[in-house]
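Undergrad: Got a structure for you, questions after.
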Amino acid sequence: MRHLCFFVLLLFWAACGYAQSNSYLFVWAGDDAKKSSDFLAVLDADSKSPHYGQVVASVAVRGPSGTPHHTELGMLEGGFLLANAFE
């Protein structure tokens, strides 16, 4: 349970600065070999931005699960992004 709470806080921290904009893509990914941590990355998706396609923020999850599954389809009210991984 501690890991889940920690993870939710990290997701909130990574997402809060980007919650009000529609020009970011959130990528929830992991290592199938389970050697590296799963992570959430935020990419600049504004084609007019000089940083288009670049990672502007990321946060690693403690311990690799290798099975990031899904997130919400859109940013929830208040800037929360919920993500799930199977272990």
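In the working numbering, the protein residues as written are 1 to 87.
Yeah, the Cβ is synthetic: ideal placement off N, Cα and C, and Gly gets one too.
Keep in mind that this is a model prediction, so the values were computed, not measured.
Could you have a look at SER47 and say whether DSSP puts it in helix, strand or coil?
TA: Numbered from its first residue, the sequence shown carries residue 47 at position 47. Coil at SER47, not helix or strand.
Undergrad: Put VAL61 into one of helix, strand or coil per three-state DSSP.
TA: As a working mapping, residue 61 is identified with position 61 in the sequence shown. It is coil, neither helix nor strand.
Undergrad: Looking at the structure shown, is TYR52 part of a helix, part of a strand, or coil, going by DSSP?
TA: By one-based count along the sequence shown, residue 52 stands at place 52. Here TYR52 sits in coil by DSSP.
Undergrad: So, is TYR52 buried or exposed, given that buried needs 16 or more other C-beta atoms within 10 angstroms?
TA: As a first step, residue 52 is located in the sequence shown; it is residue number 52 there, counting from the start. Under this definition TYR52 is an exposed residue.
Undergrad: Assuming LEU25 is part of the beta strand (DSSP E), what are its boundary residues?
TA: Reading the sequence shown from its first residue, position 25 is the one you call residue 25. 24-29 is the extent of the beta strand (DSSP E) around LEU25.
Undergrad: Give me the Cα-Cα distance between ALA85 and ALA60, rounded to the nearest whole angstrom.
TA: Position 85 of the sequence shown, counted from the start, is the residue given in the question as residue 85. Position 60 of the sequence shown, counted from the start, is the residue given in the question as residue 60. Roughly 13 Å between the two C-alpha positions.
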